[in-house]
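**Student:**
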Amino acid sequence: MPCCKCKDYGWEASEPVVFTDSSGKGYCEFHSPLENKTINGNEFNTQVFLKIQKDKESGHCKLTGIVYPKDITFFEIGEIPELPSLDLSSSVFHGDADFSKCRFSGDVEIWSAKFKNKLYFKDATVFGGLTISDVEIDDSMEFSRSKFVGMVSLSMISVGSSLVFYYSNLNSQFFIKDVAVKGDVSFVQSKFEDHVAISGFHVSGKYNCFEAEFLKDFMLTDVVVMNLFEFFKLKQRNNSENATILKEANFKRATFHGNVYINSAVFRDNVYFVSTLFMSSVRFTSVRFFSNVQFDDAVIKQNLWIYNEKMTTFPERGCVSFKNLAIGGEARISHTVLANFSFFGYDISRFKFDDCVWRTDKNGNFCIFGAEDGEAIDDLKKYESVYRTLKKRAIDNHDELMASAWHYQEKSIATKLLSEKQCKNLQDKLLWIFLCLYKKCSGYGEDPVKGIVVLMQLVGMIVIFVFGSYIYNVGMQSYEISWSGICSIFETSLKLTLFMDAGIKRIDIFSAGALIFSRVLLPIQAALFALSLRNKLRR
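For the record, in the sequence shown the residue sitting at position 536 is 536 according to the working numbering, with numbers rising by one throughout.
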C-alpha cells in the first residue's frame with residue numbers, strides 16, 4: 001500500500017508505509033503525524049538529507065508535506081554545503097528550521113507550511129528565487145547576511161515574533177504583501193538592488209530600515225501604522241484595510257536610489273527619515289501622520305510631493321521637521337493642514353503649498369508653528385526671515401491672500417523684534433514708531449477697516465480744530481451757537497478735507513493743526529486706506 005501523502009504531493013515514488021490510520025490510509029515516515037513517528041528526531045533528519053542527496057543530481061528536491069518532529073539544521077546534518085532547488089510546501093516544522101550557511105542552486109518555495117518555532121536563512125545564498133506564501137511562523141523569521149539572486153516574495157504570512165533582514169543583499173525584486181508580524185521588522189544595512197513593493201504589512205513592533213540601501217523604486221502602499229494595542233483588536237490576519245501596524249517607522253540613514261512612493265498610509269507613531277538619502281523623488285499620496293515626522297539632515301536630490309485628496313492635518317499631533325533638509329527640486333504640499341509644520345532650518349523657498357490650511361494665532365491671523373511662542377531675539381529674527389520668504393514665495397505663485405498674510409506677520413515680527421531690542425538708537429526708535437503707526441492706521445496695509453476708521457477720526461479732528469479756531473478768533477464770551485456758524489465750520493472743514501482753499505487768513509494754533517491734519521496726515525491716511533482696500537480686493 002503506497003503512502004497517501006506521497007501521491008497527494010506528487011512524489012515520484014512512494015515511501016514505505018509506517019502508520020495506517022482508522023480510515024485505512026497509509027503514511028510514510030516523512031508524512032506520518034508527529035505522535036506516530038517510528039524513529040527519533042536525529043534519525044528522521046538523516047532520512048531527509050538522504051532524500052536530498054538522492055534528488056540533488058536532478059537539481060530539484062520535493063520535500064512537500066513533511067512533518068518534522070524536531071529542530072533541523074540543513075547545513076550541519078549530512079554536511080551538504082550546497083542544496084538543490086527545494087519545495088517545502090505544506091510542511092510542518094515542530095522545531096527550528098535552519099537553512100543558515102546553505103547555498104541553493106535554484107528556487108526555494110514554501111507554500112501553506114507551518115513553523116512551530118523559528119525559520120532561519122542566516123548567511124545563506126539562494127541563486128534562484130525565494131517564495132514564502134500562506135505560512136504560519138510561531139516565532140521569528142531571520143535572513144541575516146543572506147544573498148538572494150532571484151525574486152523574493154513574502155505573502156500571506158503570520159510571524160509570531162520578529163522579521164529580520166540584517167545586512168542582506170537582494171539582487172532582484174522584493175515583494176511583501178499581507179504579512180503580519182507581532183514583533184519588530186528590520187532591514188538594517190540591507191541592500192535592495194531592484195524594485196521593492198510592500199503592501200498589507202502588519203507589524204506590531206518597530207520598523208527599522210537603518211542604513212538600508214534601495215537602488216530602485218520603493219513603494220509602501222495601503223498601510224495603516226498603529227500602535228501595539230490596536231494590533232490585537234484585529235480579528236483576522238488579512239483584514240480589509242491591508243493594515244501595516246507599527247509603533248515606530250525608522251528609515252534613518254537609508255539610501256533610496258529610485259523613486260519612493262508611500263500611498264494611502266496612516267502612521268500613528270513617530271516616523272524618521274533622519275540623514276536619509278533620496279537619490280530620486282519622494283511621493284506621499286493620501287498619507288496621514290499622527291505623531292512626529294522628521295526629515296532632519298535628509299537629502300532629496302529631486303522632488304518631494306505630499307498630496308492628499310481631501311484636507312489632512314500634517315501631522316495631527318507632534319511636529320513635522322525638515323531641519324537641514326537639502327532638496328534639489330521642488331517640494332509641493334497640497335490639501336494639507338499645516339498647523340504642526342515646522343519651518344526652521346531649511347530652504348522654504350523651494351516649497352509650494354496648494355490649497356493648504358495654515359495655523360492661526362489668537363487674533364485669527366495666519367501664522368507658522370511656534371511663531372506665537374517666540375520671544376528670544378534670535379528666534380524672532382528666524383521667524384521674520386521665514387515670513388519674508390513665505391511672502392516672496394506667495395507673490396511668485398500669484399497667491400495674493402497668503403502674500404498679504406505673510407506681509408502682516410513679517411511686519412508684526414519686525415515690530416516685536418524692535419521692541420525686544422529696546423530701540424537703543426534713534427534709527428530703531430523711529431522705525432519702531434513708524435511700524436506701530438503703520439499697524440494702527442492700516443494693519444500694515446492689510447486692514448481697510450482700520451484704514452477707514454482712522455481716516456474718519458482724522459476728519460473728525462479737522463472739524464474739532466476748525467471749531468477751536470472759530471472760537472479762538474471770535475472769543476469765548478462773544479461766541480453764540482447759530483446755524484450760520486455751524487454751517488461755516490463744516491464748510492471750512494469740508495474744503496480742507498477736499499484740499500480746497502478754505503479762506504483761512506489768520507494762522508493760529510488751531511488753524512495750523514487743521515492744516516497739518518488736512519494737508520499732511522489726511523493724504524497719508526487716505527493712501528494707506530487705498531492700499532489696504534486694494535490688497536483686500538486683490539484677495
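Glycine included, every Cβ here is placed at the ideal spot set by N, Cα and C.
Suppose you measure from the CA of Y166 to the CA of E400; what does that come to, to the nearest Å?
**Tutor:** Distance between the alpha carbons of Y166 and E400 is about 52 Å.
**Student:** Quick check on V459 - is its C-beta less than 8 Å from some C-beta in chain C?
**Tutor:** No chain C appears in this structure, which consists of one protein chain only.
**Student:** Tell me the start and end of each unbroken alpha helix (DSSP H) in the segment 402 to 472 that is at least 4 residues and wholly inside, in chain order.
**Tutor:** Runs found: 426 to 442.
**Student:** Pull the bridge partners of F187 from the DSSP assignment, please.
**Tutor:** None; F187 has no bridge partner.
**Student:** Of the choices D71, G150, G106, whose alpha-carbon is the least far from that of D87?
**Tutor:** Cα-wise, what sits closest to D87 is G106.
**Student:** Which residues in the same chain as Y261 place their Cβ atom closer than 8 Å to its Cβ, once the five residues preceding and following it in sequence are excluded?
**Tutor:** Cβ within range, chain order: D217, F218, M219, L220, T221, R283, T285.
**Student:** Near I348, which residues of its chain fall below 8 Å by C-beta distance, leaving aside the five closest residues on each side in sequence?
**Tutor:** Cβ within range, chain order: V386, T389, L390, R393.
**Student:** Here's a check: name, in chain order, each residue in its chain whose Cβ is nearer than 6 Å to the Cβ of F121, leaving out the five neighbours to either side.
**Tutor:** Taken in chain order, the residues that qualify are F99, F143, S146.
**Student:** Within a Cβ cutoff of 7 Å, which residues of the same chain sit near I132, ignoring the five residues on either side of it in sequence?
**Tutor:** So the list reads I110, L154, I157, once near-sequence residues are dropped.
**Student:** Are the Cβ atoms of F351 and V337 separated by less than 8 Å?
**Tutor:** Going by C-beta atoms, F351 is not nearer than 8 Å to V337.
**Student:** Is it buried or exposed, V520, if we count other Cβ atoms within 10 angstroms and call 16 or more buried?
**Tutor:** That one is exposed.
**Student:** Per DSSP, what kind of secondary structure is F529 in: helix, strand or coil?
**Tutor:** In the structure shown, F529 sits in a helix (DSSP, three-state: H, G or I).
**Student:** Given G160, which residues of its chain have a CB within under 7 Å of its CB, disregarding the five upstream and five downstream residues?
**Tutor:** Around G160: I137, D138, D139, K182.
**Student:** Any idea what DSSP makes of N45, helix, strand or coil?
**Tutor:** In this structure, N45 counts as helix in the three-state DSSP scheme.
**Student:** Using only the alpha-carbon positions, how far apart do A530 and N324 sit?
**Tutor:** A530 and N324: Cα-Cα distance of roughly 42 Å.
**Student:** On the three-state DSSP scale, how would you describe G200?
**Tutor:** Looking at G200 - three-state DSSP - the assignment turns out to be strand.
**Student:** Tell me the DSSP secondary structure of W358 in three-state form.
**Tutor:** Looking at W358 - three-state DSSP - the assignment turns out to be coil, as it is neither helix nor strand.
**Student:** May I have the straight-line CA-CA distance separating D447 from A512, to the nearest angstrom?
**Tutor:** Spanning the two alpha carbons is a distance of roughly 30 Å.
**Student:** What whole-angstrom Cβ distance do F115 and F93 have, given they're in contact under 8 Å?
**Tutor:** The Cβ separation is near 5 Å, so the contact holds.
**Student:** Just to confirm my understanding: we take S90, look at its own chain, exclude 5 residues before and 5 after, and list those with CB closer than 8 Å. What are they?
**Tutor:** Around S90: Y9, T64, G65, W111, S112, A113.
**Student:** Considering only C-alpha positions, which residue in the set H407, M141, L119, V149 is nearest to F127?
**Tutor:** Measuring from the Cα of F127, the nearest candidate turns out to be V149.
**Student:** So, under 8 Å CB-CB, N308 and H335 are touching, yes? Tell me the CB distance rounded to an integer number of Å.
**Tutor:** Yes, they are in contact, since the Cβ atoms of N308 and H335 sit about 4 Å apart, within 8 Å.
**Student:** Three-state secondary structure (DSSP) at Y387?
**Tutor:** It is helical.
**Student:** What's the gap between the Cα of C3 and the Cα of L277?
**Tutor:** Distance between the alpha carbons of C3 and L277 is about 56 Å.
**Student:** State the DSSP-derived secondary structure class of I137, mapped to helix, strand or coil.
**Tutor:** It is a strand residue.
**Student:** Fully enclosed by the segment 277 to 343, which beta strand (DSSP E) runs are 3 residues long or longer?
**Tutor:** Counting only runs of 3 or more, we get 282 to 285, 304 to 313, 331 to 337.
**Student:** Use the C-beta contact count for R268: other C-beta atoms within 10 angstroms, 16 or more gives buried, fewer gives exposed.
**Tutor:** With 16 or more Cβ atoms within 10 Å of its Cβ, R268 is classed as buried.
**Student:** Look at the alpha carbon of K546 and the alpha carbon of L130, and state the distance between them as a whole number of angstroms.
**Tutor:** Given that the chain is displayed from residue 1 to residue 539, the structure contains no residue 546 and the question cannot be resolved.
**Student:** In three-state terms, what does DSSP make of T492?
**Tutor:** Helix, per DSSP.
**Student:** Please classify T131: does DSSP put it in a helix, a strand, or coil?
**Tutor:** Three-state result, T131: strand.
**Student:** Could you say if the segment 486 to 506 and the segment 445 to 462 meet the contact criterion of at least three C-beta pairs nearer than 8 Å?
**Tutor:** In short, these stretches touch, since the Cβ pair count reaches three.
**Student:** Starting from the Cα of T381, find the closest Cα among F341, K5, S412, F499 and give me that residue.
**Tutor:** A quick correction: the sequence has Lys, not Thr, at residue 381. K381 has its Cα closest to that of S412, out of F341, K5, S412, F499.
**Student:** Have a look at S23 and E43 and give me their C-alpha separation to the nearest angstrom.
**Tutor:** Going from the Cα of S23 to the Cα of E43 covers about 28 Å.
**Student:** Under 8 Å between the Cβ atoms of C450 and C436?
**Tutor:** Note that residue 450 corresponds to Lys in the displayed sequence, not to Cys. No, these two residues do not count as a Cβ contact at 8 Å.
**Student:** S275 and D297 - do their beta-carbons sit closer together than 8 Å?
**Tutor:** Against a cut-off of 8 Å, the Cβ pair of S275 and D297 comes out as a contact.
**Student:** Return the CA-CA distance between I176 and D134, expressed in angstroms with no decimal places.
**Tutor:** Cα to Cα, I176 sits roughly 12 Å from D134.
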